[in-house]
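Everything below concerns the one structure shown next.
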Amino acid sequence: MRGVETRHRASWTLDVSIYLSTPITNSLHTEIHPLRVLVAALLFFTPMSSSSLPQQNVGSLRRLPQTRRCKSSCRRSTTFSLRACRPTATAPTLSTTTKTLVGEPGSLKSTRSHRAWVACGCTTVLISLAKGVAVAAASHAWLQPLLAGYIGYVLADLGSGVYHWGIDNYGSTHTPVFGNQIEAFQGHHQWPWTITRREFANNLHALARAVTFIVLPIDLLIYNGHPILSVFVGVSSGCIMFSQQFHAWAHGTKSRLPPIVVALQDAGVLVSRSQHADHHRPPYNTNYCIVSGVWNELLNEFKVFEALELILFFKLGVKPRSWCEPGSEWTQQQQQQQQQG
């Protein structure tokens, strides 16, 4: 048993050493970043036993160029990737429910329940903003509330990226609380154009419900109206709730979008169409943020999500979907998308 652990430790050490020496940018020089050193240390000093090691996956995680032979296909690429060869038995698939849901026009329509939850969410956001603005106007102190609102806007983009990464890569339709959204986001990668056909309340009702349950108690507890907290909560929750609408606009064509939306996208206030399009191209593990996209470049450059995926894999043995070779259930249907465009 000790020998097995030693051999795996040597194999993981080789994987980590290759991961450390891989260029993090497209420059010709090689550099080691503190984040990678931290990930390597966490992985190396994690206690391991042969029972907790997924033996069929360890060798496939070496950070080598994508010059490899898979049972399903043979491709050649000069880019580096942490994705392992697609295991046929564990390939991500969409349930019949999702396929039926996307295929039925009625599922894209807003119901009374959807509209009610969006109304509740918008009311909750407006209560926060109204309290903050009222107190700020009375005290003539605008700088701090405005700064709090800006911070809320920036952090909402980061939060949308973390959440998007999580439900894109982990869980299933059977996951408690998040199962329906996980299934919907998986379906979105096969039918991305359907989000542009969803009616407003149909697209936003799930996030509006979450905002109502989480933010409304905060609004009720802030009796005296702290302007900094109220504006921060109002802006951040509003951006998160409307992130799905920003997401839908990122899938729209320029000629069909309102001019003000196109202008905001071009200015970087909302996530742009070109930036989000990269999320739906190989290797399908970048540009998760869907509010403004301001965090995408930084998260991509330092490979933050790839580092988190490594930690979760070595700690829990769970592979993210982005490590699998994209199949028909994960990639978008290019022909249908072009027809819709």
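Under UniProt numbering, the residues of the sequence shown are numbered 1 to 341, in order. The beta carbon of each residue, even a glycine, is placed where N, CA and C say it ideally should be.
Check: Rounded to a whole number of angstroms, what is the C-alpha to C-alpha distance between Leu312 and Gly166?; Outcome: 11 Å
Check: Quick check: the Cα distance between Pro259 and Tyr163, rounded to an integer number of angstroms?; Outcome: 29 Å
Check: Tyr170 by DSSP, collapsed to three states: which one?; Outcome: coil
Check: Counting only the same chain and skipping the five closest in sequence on each side, list residues whose C-beta sits under 7 Å from that of Lys201.; Outcome: The sequence shown places Ala at residue 201, rather than the Lys named in the question. Once the five neighbours on either side are set aside, the close Cβ partners of Ala201 are Ser110, His114, Arg115, Val118.
Check: Cα separation between Gln245 and Ala134?; Outcome: 28 Å
Check: Classify Tyr150 as buried or exposed, calling it buried when 16 or more other Cβ atoms lie within 10 Å of its own Cβ.; Outcome: exposed
Check: Where does Gly179 fall in DSSP's three states?; Outcome: helix
Check: Check whether the stretch 260 to 272 touches the stretch 208 to 218, counting contact only when three or more Cβ pairs, one atom from each stretch, lie closer than 8 Å.; Outcome: no
Check: Anyone know if the C-beta pair for Leu299 and Phe305 falls short of 9 Å?; Outcome: yes
Check: Count the other CB atoms within 10 Å of the CB of Val177; is the residue buried (16 or more) or exposed (fewer)?; Outcome: exposed
Check: Using the Cα positions of Asn285 and Met241, report the straight-line distance between them to the nearest angstrom.; Outcome: 23 Å
Check: Mind checking which residues open and close the alpha helix (DSSP H) that includes Trp295?; Outcome: Counting along the chain, Trp295 falls outside any alpha helix (DSSP H), and DSSP gives it neither H nor E.
Check: Drop a sphere of 10 angstroms on the beta-carbon of Ser139, count the other beta-carbons inside from all chains shown, and report buried for 16 or more, exposed for fewer.; Outcome: exposed
Check: Put Trp117 into one of helix, strand or coil per three-state DSSP.; Outcome: helix
Check: According to DSSP, simplified to helix, strand and coil, what is Trp142?; Outcome: coil
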